[in-house]
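FYI, my numbering numbers position 229 of the sequence shown as 230, with every residue one higher than the one before it. Every residue gets a Cβ at the ideal spot worked out from N, C-alpha and C, and that includes glycine. If you're wondering where the values come from, they're calculated on a predicted model, not measured in any experiment.
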Amino acid sequence: MPRTRTKNDMELHVHGETETGRVRDHNEDSILRLGGEQSPPGVDALLVVADGMGGHAAGEVASKLTVEHIEQHFTSGAFASTTADEFEEALRTLLQKVNQVVHTAGQDTDKRGMGTTCTLVVIKDDHLYYAHVGDSRAYLLRGRKLEQVTDDHSWVEDMVRAGSLSKEEARTHPNRNVITRAIGLDVSVVVDTGVCALRDGDLVMLCSDGLNSMISDEEIHNVLEGSSHENICTDLIAAANQSGGHDNTSVVTACMGDQRKSRASNRQTVDIKSRRSFFRRVWKFILRRK
């Protein structure tokens with residue numbers, strides 16, 4: 002159970018679990034959670050969830066490659082001297098490099114077409130920095146308010162934004178597994194990045210879609226509020242399995258200080274500054290995962 006203290010002396014607890022689920026025969030998710038004595042140079046915690054896709058276990062290869070290259074980059078000290086102003090662009094560049102690695106590996110005949118989502122969160126100097134591709138998610142619980150920090154790169158999310166589907170309809174729609182962006186599928190990828198300040202009591206949670214496709218945000222919220230930081234990952238995965246466990250499920254958390262004391266108020270707001278690249282979409286692919 003990695004534990005450390007941030008710049009402002011907030012205690013930080015990091016946890017993570019991944020499970021195959023009740024239907025799949027192997028796990029294509031990969032996770033990374035480094036905190037405490039394992040924290041890479043220059044950061045307080047590093048969290049990653051990657052959900053692979055592709056036949057013949059290629060999805061497992063894609064997600065594992067992604068996590069391994071991220072870990073190697075951070076533990077080498079590459080981010081040790083990166084300033085706050087440089088951090089988002091550095092994360093974007095990192096995922097673009099990882100994309101090239103996975104894309105090159107995917108040129109092998111038995112791995113052609115493999116890819117992975119990637120949601121990466123760094124906690125540094127009491128701030129959350131993220132880089133994100135795909136439909137895995139990062140959430141932030143502040144007080145009693147749960148915010149989804151990242152946007153899903155998926156067909157159903159585009160329909161929700163257009164007003165054609167509700168959030169609940171999207172969760173069960175036949176096209177819910179169609180994603181519009183992934184690591185490794187093309188020679189380049191557009192990466193979302195953002196940053197927000199963290200407070201004592203905040204809880205950061207990353208997950209693969211095996212969680213949010215099985216249980217609603219309201220159910221996720223209830224588990225986050227009702228579980229201790231040591232048990233959140235286990236309890237969320239158990240809830241997903243109880244609802245069917247149709248997919249691999251991964252959860253990684255970082256709890257800032259005493260998250261329970263901040264739940265006395267639900268009036269706190271989250272200021273997430275996101276710098277996304279806006280461009281005219283020309284989809285070279287629409288990928289449907291199993």
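Around the beta carbon of His-27, a 10 Å sphere encloses fewer than 16 other beta carbons of the protein chains shown; the residue is thus reported as exposed. Going by C-alpha positions, Asp-127 is about 27 Å away from Asp-52.
Counting other Cβ atoms within 10 Å of its Cβ, Asn-176 stays below 16 and is therefore classed as exposed. By the neighbour-count definition (other C-beta atoms within 10 Å, threshold 16), Val-123 is a buried residue. Rounded to whole angstroms, the separation of the alpha carbons of Ala-183 and Val-24 is 24 Å. For the options Ala-132, Thr-151 and Met-160, the alpha carbon positioned closest to that of Val-190 is the one of Ala-132.
Under DSSP, Lys-146 forms a beta bridge with Arg-143. Between the segment 108 to 123 and the segment 35 to 55, the count of Cβ pairs shorter than 8 Å is three or higher; the stretches touch.
For the pair Val-157 and Val-134, the Cα-to-Cα distance works out to about 15 Å.
Secondary structure of Ser-31 (DSSP, three-state): strand. Going by C-alpha positions, Ala-163 is about 18 Å away from Thr-151. Residue burial annotation: Asn-249 is buried, with at least 16 other C-beta atoms found within 10 angstroms of its C-beta. Counted as a single uninterrupted DSSP element, the stretch harbouring Lys-112 is not any alpha helix (DSSP H), since DSSP gives it neither H nor E. Within the model, the alpha-carbon separation for Gly-227 versus Arg-113 is close to 43 Å. The C-beta distance from Val-62 to Met-115 rounds to 6 Å, short enough to fall under 8 Å. For the options Leu-142, Ser-217, Glu-169 and Met-215, the alpha carbon positioned closest to that of Leu-204 is the one of Leu-142. A residue is called buried when at least 16 other Cβ atoms come within 10 angstroms of its Cβ; Arg-6 does not meet this threshold and is exposed.
Taken atom to atom, the span from the alpha-carbon of Ala-171 to that of Ile-71 is near 31 Å. If only uninterrupted alpha helix (DSSP H) runs of at least 4 residues are considered, those enclosed by the segment 179 to 225 are 210 to 213. Ala-132: member of the beta strand (DSSP E) spanning 128 to 134, first to last residue. Inclusion of Arg-34 and Val-253 in the CB contact set at 7 Å is warranted, their separation being smaller than that value. Take the alpha-carbon of Asn-232 and the one of Glu-169: they are about 27 Å apart. Annotation: the continuous alpha helix (DSSP H) that includes Ser-64 extends over 59 to 76. In the DSSP assignment, the residues bridged to Arg-138 are Cys-208. Straight across, the Cα-Cα distance linking Asn-100 with Ser-209 is about 18 Å.
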